[in-house]
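See structure below.
Residue numbers (UniProt numbering): 1 to 271.
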């Protein structure tokens, strides 16, 4: 099971903490050869790298400070990743922000736009660079075993949406708009690039126990108590539980899956 990813190279955004850090760890656990970890938080990236290498000393890790609201930063980071490893087999666009959680009538354009810039435009700019690279690289059966009659496979992209890509929350207008749009983008490019051998999918986490949610007052501001009352499992998700689904979608086990999203929410969306 530990060789599920067959030595591929993974590019992960928002890897300095939370779901991104857990995703890096799970990619290492399931057999990735190299990781490109990106985040705006350099200290967080270094901690992630140290935690992974302490358990998986053989894995190669490149850390890159990257701002997902800055196009040149994104282009440079992907270029550096390819210069180091030669290819990108798995990409995970996880970087995000809750943004400014205020009613629309009380929000400024700059506050609304900040959430869109990070949660939508940042994902799209990263995905664009990943699609360019994956289209240009040769398919490699070591990472993507090719069944008889199947298209060559060049890569997999997983975008992070949210349960709020399907529903809404109080004062989450910018966040919900972006997360709904990420699903539309995922479906569109999942169809557009299928014949190029590139799969594009999304994961929609529910409320997850991460540093962001543990900030004083954060849970109350985003309706965590209401979530826990409704959620059939009655608890928060763990970052590793989200990461495991990301690894599944990235891996050959999901070879016939594209343009889809998987809620990882303890059943919240079904009730």
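All C-beta atoms in this analysis are idealised placements derived from N, C-alpha and C, irrespective of residue type, glycine included.
The ligand SAM heavy atom lying under 6 Å from the CB of residue i
i	result
residue 79	As for the ligand SAM, it is missing from this structure, which has no ligand bound.
For residue j and residue i, the rounded distance between their alpha carbons
i	j	result
residue 108	residue 209	29 Å
residue 111	residue 100	6 Å
residue 267	residue 164	14 Å
residue 219	residue 213	Legend: pLDDT at residue 219 = 49, less than 50; position of this residue unreliable, value from coordinates given subsequently. Near 6 Å, if we compare the C-alpha coordinates of residue 213 and residue 219.
residue 259	residue 189	7 Å
residue 272	residue 116	In this structure the chain extends from 1 to 271, so residue 272 is not present and cannot be described.
residue 9	residue 170	39 Å
residue 231	residue 167	14 Å
residue 79	residue 265	35 Å
residue 172	residue 226	15 Å
residue 72	residue 45	20 Å
residue 139	residue 133	12 Å
residue 76	residue 271	44 Å
residue 63	residue 207	27 Å
residue 217	residue 48	Caution is warranted here: a pLDDT of 49 is assigned to residue 217, below 50, making its placement in the model unreliable, and no coordinate value can be reported.
residue 106	residue 205	28 Å
residue 57	residue 7	14 Å
residue 269	residue 263	8 Å
residue 224	residue 180	20 Å
residue 245	residue 156	13 Å
residue 51	residue 5	20 Å
residue 1	residue 252	Note that residue 1 scores 43 on pLDDT, short of 50, meaning its location in the model is unreliable and no value can be drawn from it.
residue 61	residue 34	6 Å
residue 277	residue 186	With the chain represented from 1 up to 271, any question about residue 277 goes unanswered, as that position is not in the structure.
residue 131	residue 30	23 Å
Inter-residue CB distance, residue i and residue j (contact presumed, cutoff 8 Å)
i	j	result
residue 239	residue 22	4 Å
residue 198	residue 19	That belief does not hold up - the Cβ atoms of residue 198 and residue 19 are roughly 22 Å apart, past 8 Å.
residue 228	residue 234	6 Å
residue 158	residue 203	6 Å
residue 42	residue 26	With 8 Å as the limit, residue 42 and residue 26 do not qualify as a contact, their Cβ atoms being about 22 Å apart.
residue 196	residue 90	That pair is no contact at about 16 Å.
residue 24	residue 39	With 8 Å as the limit, residue 24 and residue 39 do not qualify as a contact, their Cβ atoms being about 10 Å apart.
residue 153	residue 137	About 11 Å separates the two Cβ atoms, so there is no contact after all.
residue 74	residue 129	6 Å
CA nearest to the CA of residue i, picked from the options
i	options	result
residue 123	114, 95, 253	95
residue 81	11, 125, 66, 97	11
residue 120	167, 140, 70	70
residue 127	43, 182, 174, 44	182
residue 161	113, 89, 154, 201	201
residue 59	155, 32, 132, 156	32
residue 36	54, 255, 87, 4	87
residue 13	103, 97, 137, 135	97
residue 184	261, 24, 156	261
residue 175	118, 139, 248	118
residue 92	271, 270, 248	248
residue 114	67, 223, 246	67
residue 255	244, 269, 179, 194	194
According to DSSP, residues forming a beta bridge with residue i
i	result
residue 296	In the structure displayed, the chain extends from 1 to 271; residue 296 sits before or after that span and is not available.
residue 237	208
residue 93	159
residue 199	156
residue 9	34
residue 57	Note: residue 57 sits in no beta bridge, so no partner.
residue 271	In DSSP, residue 271 forms no bridge with anything.
residue 317	With the chain covering only 1 through 271, there is no way to say anything about residue 317.
Any C-beta of chain C under 7 Å from that of residue i
i	result
residue 200	Here there is only one protein chain, and chain C is not present.
query = Whole alpha helix (DSSP H) runs in the region 115-146 with 4 or more residues, listed along the chain?
reply = 122-136
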